[in-house]
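Chemist:
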Amino acid sequence: MRHALALAALVLAQAAPAQQLRRLALIAGNDEGGRDTKPLVYATADAKKIHEILVQLGGVQADDARLLLNARPQELLGALSQLEARSAEARRRGERTALLVYFSGHAKDGALRMGDGSLPLDALRARLAAAPADIRLGIFDACRSGAAVRTKGVRRAPAFDVQSDARADAQGMVILTSSASDEDSQESDSIAGSYFTHHLVSGLRGDADRSGDGRVSLSEAYAYAYDRTVADTAESAAGAQHPTFSYDLAGNGDLVLTEVSSRREGLRFPAEAPQGVYYLVDGRGRVVAEVFKEAGAERRIVLSPGKYRVKRRLDDRLRVGDVEVQGGAVSTVEESRLRDAPFSDDPVKGGSRTSWSVGLAAAYQGFFGYQDYFPPSTSLGLELQLHHYFRSDWMLDFDATLGGGKGQVPLSTISGTAAYKFTQLSVGSSIITQWPMGDVVPFAGVRLSFMVLGRQFDPAVYAKEYQAMFTWSPGALVGVKWHFAGGWHAVARLRLQYLNYNIDENRHFGFGELGGMVGYAF
Amino acid sequence: MRSSVLASFAALLALASGCGGDWSNADVEFSAALPRRSDVTVSMPLQSGLTASGLRESGVTAWAVGDPSKAAADARSAAQGLDLTAGFFISILEGATSIPPTTRTPELRIWGPFPNQDSPGWELQLLMTRKPVVINAGGPDPIEGFYWKIEYKQQSAQDWRAAPLVEGFYQPGEIRHGLGAVQLYAAELRASGMPSAKGLSDLGTLARLFLVYDNRTDRPHTITVQATDDASQVVTIVYQELATLSGLLVFDLRANDPQATHVQAASRWTPEYRGRSDMAVLEGTATGAHAVECWDAQQNVSYVFNPWDGIFGGDEQRDCAFGPP
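Here the protein sequences come in this chain order: A and B.
Numbered by the numbering used here, the letters in the first sequence go through residues 1 to 522 in order.
Numbered by the numbering used here, the letters in the second sequence go through residues 1001 to 1325 in order.
(1) Would you please state the rounded distance, in angstroms, between the beta carbons of B/Leu1282 and B/Gln1264? I believe it to be under 8 Å.
(2) Using C-beta distances below 7 Å, list every residue in its chain close to A/Gly276, excluding the 5 sequence neighbours before and after it, in chain order.
(3) Residues of chain B with a CB under 7 Å from the CB of A/Ala468: which are they?
(4) For the segment 1070 to 1084 of chain B against the segment 1112 to 1130 of chain B, do three or more pairs of beta-carbon atoms, one drawn from each stretch, fall closer than 8 Å, so that the two count as touching?
(5) Show which residues of chain B have a CB atom less than 8 Å away from the CB atom of A/Leu453.
(6) Tell me whether the segment 373 to 381 of chain A and the segment 389 to 408 of chain A touch, counting them as touching only if at least three CB pairs, one residue from each stretch, are closer than 8 Å.
(7) If we count Cβ pairs, one from each stretch, closer than 8 Å, do we get three or more for the segment 452 to 469 of chain A versus the segment 428 to 439 of chain A?
(8) Check whether the segment 27 to 35 of chain A touches the segment 70 to 88 of chain A, counting contact only when three or more Cβ pairs, one atom from each stretch, lie closer than 8 Å.
(9) For B/Glu1107 and B/Trp1148, what's the separation of their Cα atoms in angstroms?
(10) CB-CB under 8 Å to A/Asp207, same chain, minus the five flanking residues each way: which ones, in chain order?
(11) What residues in the segment 399 to 421 of chain A have a beta carbon less than 9 Å from any beta carbon of chain B?
(12) Taking the C-alpha atoms as reference points, what is the distance between A/Thr354 and A/Pro442?
(13) Residue range of the beta strand (DSSP E) that A/Asp399 falls in?
(14) What number of angstroms, rounded off, separates the C-alpha of A/Val281 from the C-alpha of A/Val55?
(15) Which residues in the same chain have their Cβ closer than 6 Å to the Cβ of A/His199, if we skip the five residues on either side of it in sequence?
(16) Are the beta-carbon atoms belonging to B/Gly1314 and B/Ser1302 less than 7 Å from one another?
(17) Return the Cβ separation of A/Val452 and A/Ala490 in integer angstroms, given the expectation that the two are a contact with Cβ distance under 8 Å.
(18) Closest by CA to B/Arg1176, which one among B/Ser1232, B/Arg1037, B/Cys1320?
(19) For A/His242, which three-state DSSP category applies?
(20) Of all the CB atoms in chain B, is at least one closer than 7 Å to the CB of A/Ala43?
(21) Using a Cβ distance threshold of 8 Å, determine whether the segment 489 to 504 of chain A contacts the segment 1210 to 1221 of chain B, with at least three qualifying pairs required.
(22) Do you know whose CA, among A/Tyr520, A/Asn502, A/Lys464, lies nearest A/Phe484's CA?
(23) Helix or strand or just coil, what does DSSP make of B/Glu1272?
(24) Pull up the DSSP beta-bridge partners for A/Leu67, would you.
(25) Considering just the uninterrupted stretch of the alpha helix (DSSP H) at B/Asn1025, what are its terminal residues?
(26) Who are the neighbours of A/Glu505 on chain B, taking C-beta pairs under 8 Å?
(27) So which residues on chain B does A/Ala463 lean against when the C-beta distance must stay under 7 Å?
(28) Please classify A/Leu338 as buried or exposed, where buried requires at least 16 other C-beta atoms within 10 Å of its C-beta.
(29) For A/Gly404, I'd like the list of residues in its chain whose CB is within less than 8 Å of its CB, leaving aside the five on either flank, ordered along the chain.
(30) Can you tell which of B/Ala1227, B/Ile1099, B/Thr1102, B/Thr1041 has the C-alpha that lies nearest to the C-alpha of B/Phe1088?
(31) Does the beta carbon of A/Gly516 come closer than 7 Å to any beta carbon on chain B?
(32) What are the boundary residues of the beta strand (DSSP E) that B/Phe1210 is part of?
(33) With distances taken from CA atoms, which of B/Glu1316, B/Asn1300, B/Glu1167, B/Asp1230 is nearest B/Ala1291?
(34) For the segment 1265 to 1314 of chain B, which segments carrying the beta strand (DSSP E) assignment without a break, of at least 3 residues, lie completely within its bounds, in sequence order?
(35) When you compare only the Cα positions, how much space is there between A/Ser357 and A/Leu386?
(36) By the 10 Å Cβ neighbour count, where 16 or more other Cβ atoms means buried, how is B/Phe1146 classified, buried or exposed?
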């Protein structure tokens, strides 16, 4: 069937060159689905991927694309109105138009959930059906999004038939959904996205181009995304997820979604490369594409210029290598340049499962302008970090630090100063978000610590000898982490903290802590 | 679960203000201005086996060369009494400032009120201020210093008694060294009806006790106690450190004895506790009379000149550790 489709598309494309098609796209992603839903991790990220590829390869001018992240239903409908107006105007000028609406997020009870708001699927579908565009394409990557098409001939099948009327340009509406009306749409940490959108993107980058004509058509993209999504979710706890479609196109019924041949830069997997699934990971540790390489067949996908890590998973290890895509050039993935790596060196950082790491930290601490009260000090600490607990790339850090130094209390009515030994014990917790860029990971976060400070005087100076203070201290931190070997990493970090002092009088202190840590991730 | 953890964290961030403890630079300053008990002492060699007999109003008395020196014992007794008196008041301050103040303001610290454990139903508080005051401590010039006092009252009373139990001044100089004065209002204490506090249990007819200490490092340490009884008789004892373990004690009595209304006795001792006492009648019908007694390291009389009792012995030049004052 697929070969027939590819052949038909190829013949049609050659026999009846389509009139130039003005493409407009509305792309929305909502991580939050409001009450009774768990926040999604990758919905907005998926929307960004779709937006990027449509502008890059899908023929959508940047000005004709609207990307809405965590927007409300009114904003989505407003943006849709703007695009409808543009489409109508273009049609009045005699242009053919295609309007694509993509949504990634929650859907429940027949409505898209957008934060605390909702947008009924039936209404959106009706709105899309009435839109002033020659082709209307809706793609919904949401739980039970199959409800969007169930009222009209929904089918879940690996491919749909293309009506081949070469005499007329395509007109009508197609709706793709990531799951059937009774299924959940699943996300995966290992690919840092939803299965459906991930495979759709990979397909649009060229891996779905089964015809080899340098174009990825709607039917090719759907078939690719369907196969891969079903395969990946078949063994999942939530059960297999079946993308669905509703197809109502007349004329030259297949729609070219991306022109991979229009971009020269990308990656080529030569025919002799081992078969298997290759993951392409960008500098931030995100899987940007997945290529299913068959034995003896060459594969090629389009990628933006940049450095990528290629990963192929075997039963007992990974094969990993770096490749750089330069502008206007196609780089080749050579098996000889891949190396064996343990699973702990998986370059996919963004979507790891919850894991722990420990670290030994050292720091230098100084107060800003008030060293009469608190002297500079050095410290050593132990840290325990919980990764990807709240969400991917977020980290919960627990630390315990012991430090010390020497200080002096200046005496205003007595000649001399009162010297003391300073000690500080603090236990803290931080919430940190990270931006993986390969082995280097910048991060920032907030921290709350409980500090117990003490100072020991010479009894010849101060009869009581010892003073102590305990307080809460909120603050913020920034830093960078470097994975240098296996699970080992080094951290350079700056913390800025606030301390309220109200014993002698009410005063506000700020202090900074510049430190480093060596840690190991399990 | 995860949302609640985040919410809890945010709530803690919002509540993260304030602190507790006693971390106070000003407390250090208050404390550093006060002397240490160990720095306000009478410097005298340790001596066991001697019993203090009390300082007699008539001053020096001895029987013969070679007898145990009464003057040596009296000087030691007086010195020890002076040391205990100074120590009592310094210890009050040390004890109070060894715990965190109850109230802090920029120029004031208050410890208490605390119930007086020696006097049920009564309570005490110590106030210490860094607001400068000028006092006359008996020296040639007034001194500027800071003020403290221990107030007392019945727990049921609204106001503290007008006269404090003890009040004091100190002139800060160097850390734990300086000039200070303490005054005990003994008559007012007796009149209040508060059972005598520990250490003040035997006030007798004492009406007021005034103590001045000076342990500044650039001069000899001195302690002066002036006691006034209900009959307005005034006894002044002045101690001056001469060297380590060596000192001078001047006993000055203004009494109602017409024969000797003003008597002064001065005792000096060496680190080996060889010593000399000189007694003189400065006012009264016996004005001009004087006596001398010197003692050796075994506290036996080595020289005596006592025209009142007709006792003479030894050679002053040879047998006395000190010459005439």
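From the three backbone atoms N, C-alpha and C, an ideal C-beta is built for every residue, glycine too.
Modeler: The relevant details are as follows:
(1) 6 Å
(2) Lys293, Arg312
(3) Gly1021, Asp1022, Trp1023
(4) No: the two stretches stay apart, fewer than three of their Cβ pairs being nearer than 8 Å.
(5) Gly1021, Trp1023
(6) yes
(7) Short answer: they don't touch.
(8) yes
(9) 12 Å
(10) Tyr224, Ala289, Glu290, Val291, Phe292, Arg299, Ile301
(11) If you check each beta-carbon in the segment 399 to 421 of chain A against every beta-carbon of chain B, the ones closer than 9 Å belong to Val409, Pro410, Leu411, Ser412, Thr413, Ile414, Ser415, Gly416, Thr417, Ala418, Tyr420.
(12) 19 Å
(13) 394 to 410
(14) So the two alpha carbons sit approximately 20 Å from each other.
(15) Only Ala225, Arg228, Thr229 meet the Cβ criterion.
(16) yes
(17) The Cβ separation is near 28 Å, so there is no contact.
(18) B/Arg1037
(19) coil
(20) no
(21) A contact is defined here as three or more CB-CB pairs under 8 Å, and the segment 489 to 504 of chain A fails this definition with respect to the segment 1210 to 1221 of chain B.
(22) A/Tyr520
(23) coil
(24) A/Ile27
(25) 1025 to 1032
(26) Pro1106
(27) Ser1031, Glu1094, Thr1097, Ser1098
(28) buried
(29) Ser377, Thr378, Ser379, Lys421, Phe422, Thr423, Gln424
(30) Distance check between B/Phe1088 and each of B/Ala1227, B/Ile1099, B/Thr1102, B/Thr1041 places B/Thr1041 closest, using alpha-carbon atoms only.
(31) no
(32) Unbroken beta strand (DSSP E) run through B/Phe1210: 1206 to 1214.
(33) B/Glu1316
(34) 1275 to 1283, 1290 to 1295, 1301 to 1306, 1311 to 1313
(35) 7 Å
(36) buried
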